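*Asks:* Chains as they are written, first to last, in UniProt numbering: chain A, 1 to 206; chain B, 1 to 206. Yeah, the Cβ is synthetic: ideal placement off N, Cα and C, and Gly gets one too. As the structure is a prediction and not an experimental result, all values here were calculated from the model. Structure incoming, see below.
Number of protein chains: 2
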Amino acid sequence: MEKTRKKNLPAEERRNVTVEAVIDLAATTNPGDITTAAIARHMKLTQGALFRHFPNKEAIWQAVMKWVAERLMSRIEKAAAGIESPLEAMQAMFLAHIAFVSEHPGAPRMLFGELQGAKATPAKRLAHALLKQYAERLNELIETAKSRGELPNELDNQAAAMLFIGTIQGLIMQSLISGDIDQMRQAAPGVFAIYRRGIACSELEK
Amino acid sequence: MEKTRKKNLPAEERRNVTVEAVIDLAATTNPGDITTAAIARHMKLTQGALFRHFPNKEAIWQAVMKWVAERLMSRIEKAAAGIESPLEAMQAMFLAHIAFVSEHPGAPRMLFGELQGAKATPAKRLAHALLKQYAERLNELIETAKSRGELPNELDNQAAAMLFIGTIQGLIMQSLISGDIDQMRQAAPGVFAIYRRGIACSELEK
DNA sequence: GAAAAATTAGTAACTAATTACTATCTTTCC
DNA sequence: GGAAAGATAGTAATTAGTTACTAATTTTTC
Chain A
1 MEKTRKKNLP AEERRNVTVE AVIDLAATTN PGDITTAAIA RHMKLTQGAL FRHFPNKEAI
61 WQAVMKWVAE RLMSRIEKAA AGIESPLEAM QAMFLAHIAF VSEHPGAPRM LFGELQGAKA
121 TPAKRLAHAL LKQYAERLNE LIETAKSRGE LPNELDNQAA AMLFIGTIQG LIMQSLISGD
181 IDQMRQAAPG VFAIYRRGIA CSELEK
Chain B
1 MEKTRKKNLP AEERRNVTVE AVIDLAATTN PGDITTAAIA RHMKLTQGAL FRHFPNKEAI
61 WQAVMKWVAE RLMSRIEKAA AGIESPLEAM QAMFLAHIAF VSEHPGAPRM LFGELQGAKA
121 TPAKRLAHAL LKQYAERLNE LIETAKSRGE LPNELDNQAA AMLFIGTIQG LIMQSLISGD
181 IDQMRQAAPG VFAIYRRGIA CSELEK
């Protein structure tokens with residue numbers, strides 16, 4: 001058995017550790033205020049060493065966004081896989097999304113923080129791509145739901161997709177603000193129930 | 001008529017101009033990246049002059065939050081005033097909120113930006129108070145709606161209020177991300193219609 | 001002419017990035 | 001099999017550029 005505790009990690013693993021350190025820090029710190037020194041400190045490394053693995057700070061953020069996009073989408077796809085009813089699949093995606101965020105509170109903060117910036121960084125492009133992919137996936141589900149009669153044909157696809165994502169973002173915002181992550185998990189089923197009624201209910205009102 | 005164009009503004013007016021300058025800048029810049037130099041430049045003033053009117057930067061942000069809270073709440077109250085039906089009042093509030101934000105895109109960004117920070121600044125306390133007041137107002141409306149039979153008694157008040165605010169925040173987020181503010185105004189009525197059906201619809205599902 | 005307001009010219013602290021150097025691991029080759 | 005040689009990872013110190021904030025001086029306004 002090895003007594004020697006590794007100090008020097010291989011480059012790829014060090015990059016992974018870096019990304020996780022940023023996600024960790026983003027859980028409690030405004031992304032814009034995360035310094036390279038803070039990242040290094042959190043992973044017990046000197047600040048300069050970071051730049052042996054990333055050409056600049058932007059590259060770190062790019063890697064973080066890639067991490068978030070991949071993990072989130074695979075998590076959501078896995079949750080919806082094998083569910084025949086589109087509405088049920090949407091519910092599974094909704095809850096999986098919330099679960100992912102509650103496990104990684106830093107993830108949505110990185111996303112929002114990056115997307116708010118004015119200038120178009122590579123990291124921002126990744127975030128945009130993620131949202132687009134998400135919206136397209138939802139559109140597919142809504143369409144098949146209509147064809148199966150689970151949703152009324154009059155329903156506005158775009159509004160429904162937008163509200164789906166918006167509802168999640170709103171829930172996340174509220175939990176970030178209150179600082180209570182569990183609140184989000186508990187509220188999620190009830191909130192989705194209202195959303196579902198909203199898009200599925202065929203009652204007419206003037 | 002006065003030919004002399006004032007260069008030196010009285011202190012109070014200068015403070016107001018400062019707040020508006022920050023809101024202006026926040027429309028296109030991440031709040032965390034707004035520097036005192038940028039604020040001064042935007043109002044054609046030297047950077048040092050700002051500190052003749054505010055003891056520090058935090059005081060500026062506090063003033064901005066106060067501005068946002070007062071204007072937003074008065075706008076919303078005005079919109080709901082004189083409407084007897086609570087549901088209709090909620091719709092008016094919803095649309096007034098969206099209209100306010102589309103006129104001042106910097107306002108929600110300041111709010112979100114401030115609320116995301118970990119440490120409890122005075123500005124953050126103001127933002128929290130605003131949200132709390134908002135939620136209480138909604139709770140009142142939902143309660144009276146129930147008593148008038150406009151909403152089902154089984155409805156979860158807290159979930160409904162949370163979703164109201166969350167839906168708005170989600171809409172705002174989407175527009176900030178896409179950069180298209182008008183999109184939000186156009187989508188708002190349709191989105192509220194879904195929300196309304198969601199809370200009001202009495203159709204049962206398993 | 002004097003109080004209020006703004007300018008000019010700083011400072012100390014912090015940030016991303018660079019550099020010269022050291023330690024540790026891996027491969028090579030007789 | 002073990003020393004020499006090279007590659008890999010990390011350190012510590014330093015750089016140029018920003019940032020919030022301050023103090024001395026000048027300008028504006030009534």
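(1) Does the pairing of the segment 99 to 106 of chain A with the segment 151 to 164 of chain B give three or more beta-carbon distances under 8 angstroms?
(2) Would you list, in sequence order, the uninterrupted alpha helix (DSSP H) runs of no fewer than 4 residues that lie entirely inside the UniProt domain "HTH tetR-type" (12 to 72) of chain B?
(3) Against chain A, with Cβ distances strictly below 8 angstroms, would residue 134(B) count as a contact?
(4) With residue 114(B) and residue 127(B) assumed to form a contact (beta carbons below 8 angstroms), what rounded beta-carbon distance in angstroms separates them?
(5) Using only the alpha-carbon positions, how far apart do residue 86(B) and residue 92(B) sit?
(6) Give me the Cα-Cα distance between residue 14(A) and residue 146(B), rounded to the nearest whole angstrom.
(7) How would you list, in chain order, the residues of chain B whose beta-carbon sits under 7 angstroms from the beta-carbon of residue 159(A)?
(8) With distance defined between alpha-carbon atoms, name the residue in 42(B), 158(B), 55(B) nearest to residue 174(A).
(9) Can you tell me whether DSSP reads residue 182(A) as helix, strand or coil?
(10) Are the CB atoms of residue 50(A) and residue 18(A) within a distance shorter than 8 angstroms?
(11) Report the residue from 122(A), 178(A), 44(A) whose alpha carbon sits nearest the alpha carbon of residue 22(A).
(12) Measuring straight from C-alpha to C-alpha, what distance separates residue 77(B) and residue 164(B)?
(13) Tell me the DSSP secondary structure of residue 77(B) in three-state form.
(14) List, in chain order, every chain A residue whose beta-carbon is nearer than 9 angstroms to that of residue 177(B).
(15) Between residue 22(B) and the ligand PLP, is there a pair consisting of the residue's CB and a ligand heavy atom that are separated by less than 7 angstroms?
(16) According to the Cβ coordinates, are residue 166(B) and residue 171(A) closer than 8 angstroms?
(17) Whole-angstrom Cβ separation of residue 61(A) and residue 123(A), contact assumed at under 8 angstroms?
(18) Look up residue 224(B) in the DSSP assignment and say whether it is helix, strand or coil.
(19) Compute the beta-carbon to beta-carbon distance between residue 116(B) and residue 176(A), rounded to the nearest angstrom, for a pair I have assumed lies under 8 angstroms.
(20) Counting only Cβ pairs nearer than 8 angstroms, list the residues of chain A close to residue 141(B).
(21) Whose C-beta lies closer than 6 angstroms to the C-beta of residue 90(B) among residues of the same chain, with five residues either side of it excluded?
(22) Applying a beta-carbon distance threshold of less than 7 angstroms, which residues of chain A neighbour residue 169(B)?
(23) Using only the alpha-carbon positions, how far apart do residue 73(A) and residue 110(A) sit?
(24) Taking only the alpha-carbon atoms, compute the straight-line gap between residue 195(B) and residue 48(A) and give it to the nearest angstrom.
(25) In chain order, what residues of the same chain lie with their CB nearer than 7 angstroms to the CB of residue 42(A), ignoring the 5 residues before and after it?
(26) Over the uninterrupted alpha helix (DSSP H) stretch that includes residue 122(B), give me the two end residues.
(27) Use the C-beta contact count for residue 169(B): other C-beta atoms within 10 angstroms, 16 or more gives buried, fewer gives exposed.
*Replies:* Short version:
(1) With fewer than three CB-CB distances shorter than 8 angstroms, the segment 99 to 106 of chain A does not count as touching the segment 151 to 164 of chain B.
(2) Secondary structure in the UniProt domain "HTH tetR-type" (12 to 72) of chain B: the alpha helix (DSSP H) runs of 4 residues or longer, each lying completely within the stretch, are 36 to 42 in chain order.
(3) Chain A contact via Cβ: absent.
(4) Indeed, because the Cβ distance is near 5 angstroms, the residues count as touching under 8 angstroms.
(5) Cα to Cα, residue 86(B) sits roughly 10 angstroms from residue 92(B).
(6) Taking the straight line from one Cα to the other gives about 57 angstroms.
(7) Contact annotation for residue 159(A) against chain B: 187, 190, 191, 194 [CB-CB distance below 7 angstroms, chain order].
(8) Out of 42(B), 158(B), 55(B), the CA that lies nearest to the CA of residue 174(A) is found in 158(B).
(9) Note: residue 182(A) maps to helix in three-state DSSP.
(10) A contact, by the Cβ cut-off of 8 angstroms.
(11) Comparing Cα positions, the closest option is 44(A).
(12) Whole-angstrom Cα-Cα distance: 16 angstroms.
(13) When secondary structure is reduced to three states using DSSP, residue 77(B) falls in the helix class.
(14) Taking the beta carbon of residue 177(B) as reference, the chain A residues within 9 angstroms of it are 112, 115, 116, 127, 128, 131, listed in sequence order.
(15) Questions concerning the ligand PLP fall outside what the structure shown contains, since it holds no ligand whatsoever.
(16) Their beta carbons are under 8 angstroms apart, which means residue 166(B) touches residue 171(A) by this criterion.
(17) Their Cβ separation, rounded to whole angstroms, is 4 angstroms, which keeps residue 61(A) and residue 123(A) in contact under 8 angstroms.
(18) There is simply no residue 224(B) to check, as chain B begins at 1 and stops at 206 in what is shown.
(19) Residue 116(B) to residue 176(A), Cβ: 6 angstroms. Contact.
(20) None at all; the shortest Cβ gap to chain A is about 16 angstroms.
(21) Sequence-distant partners of residue 90(B) (beyond 5 residues in either direction) whose C-beta falls short of 6 angstroms from its own C-beta, in its chain, are 141.
(22) Simply 169, 170, 173.
(23) Each residue's alpha carbon lies about 16 angstroms from the other.
(24) Put simply, the backbone Cα of residue 195(B) is about 51 angstroms away from that of residue 48(A).
(25) Cβ neighbours of residue 42(A) beyond the five flanking positions: 21, 24, 25.
(26) Segment 122 to 147, the alpha helix (DSSP H) holding residue 122(B).
(27) Classification for residue 169(B): buried.
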